[in-house]
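S.K.: Before I ask anything, let me first share the structure, which is written out below as C-alpha cells.
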Amino acid sequence: LFGMPHAVPEAVGEVTSMAEATTVSTTTVDLKTLTTNIAVTEGAFVVGNYRKTAGAAATVSLGLKLNATQVIANTAAASATDRIEQGYFVIHIWRQTTNYKRGGYMQFFNQVGAVTTVLPFDTDAPAAALTAIVITGLTGNAAVTLGVADVAAHKRPTA
C-alpha cells in the first residue's frame, strides 16, 4: 500500500548500510550501494533516510539503479527553498518475471518541505538476479549537500 511502508510481514534476510554518504555533485552519482543476492522470483523492500542542507535555493534528487540499470531517474526529493530539509524513502521491488519487468516504485516522504512523490520504474528491471541496489542522487547547486543514510534492504520470499 502506498504510504504504508512499515509492514513487511514476510521479509527474509536483510542488508544494511547505515553510514551517511553525501554529495554536492550536480550530476548523477551513486550514493549508496547495497550488495544483494535477490533472485528474479523474489522481491525486496528498501528504506532509508535523506537530507539536504541550506546554502542555495535548490532541490536535491534521488533515483534508483538495480545492478547497473537506472530504473528510476533522479527526481526532486525536496523543495528548492534555501533551507535544511529531511525525509525518508521507501522502495518496493516486486518479483521480476517475463513480461513483468517494471514491478516496483520509489516513494519519498519529505518531512519539512511536504514533498511526497511516488515514482514507478521508468525502465525494465534487469532480467537477472539483483546483485546491487543503488541509491543515486544529485543536487541542484553545489552549495547544497545531499546526504543518504540508514539504508536497509529486506529480501522477500519466493512467491
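Residues 1 to 159 in this note's numbering are what the sequence shown spells out, letter by letter.
Where is the CB? At the ideal position from N, CA and C, for every residue including glycine.
Since the structure is predicted, the reported quantities are computational estimates derived from the model, not experimental observations.
(1) Please report the distance separating the alpha-carbon of Ala143 from that of Ser25.
(2) Met106: buried (16+ other C-beta within 10 angstroms of its C-beta) or exposed?
(3) Taking 7 Å as the threshold (beta carbon to beta carbon), is Thr145 in contact with chain B?
(4) So Val60 packs on Leu146, CB below 8 Å; how close in whole Å?
(5) Specify the secondary structure class of Gly140 as computed by DSSP and reduced to three states.
(6) When you compare the segment 32-39 with the segment 70-84, are there three or more beta-carbon pairs, one atom per stretch, that lie closer than 8 Å?
(7) Start and end of the beta strand (DSSP E) containing Gly104?
(8) Do you know offhand how far Asp122's Cα is from Asn49's?
(9) DSSP three-state label for Ile72, please.
M.R.: Answer, in terms of the structure:
(1) If you take the alpha carbons of Ala143 and Ser25, they lie about 9 Å apart.
(2) buried
(3) In the structure shown, chain B cannot be found, because there is only a single protein chain.
(4) 4 Å
(5) In this structure, Gly140 counts as coil in the three-state DSSP scheme.
(6) no
(7) Gly104 to Asn110
(8) Taking the straight line joining both Cα atoms gives about 22 Å.
(9) strand
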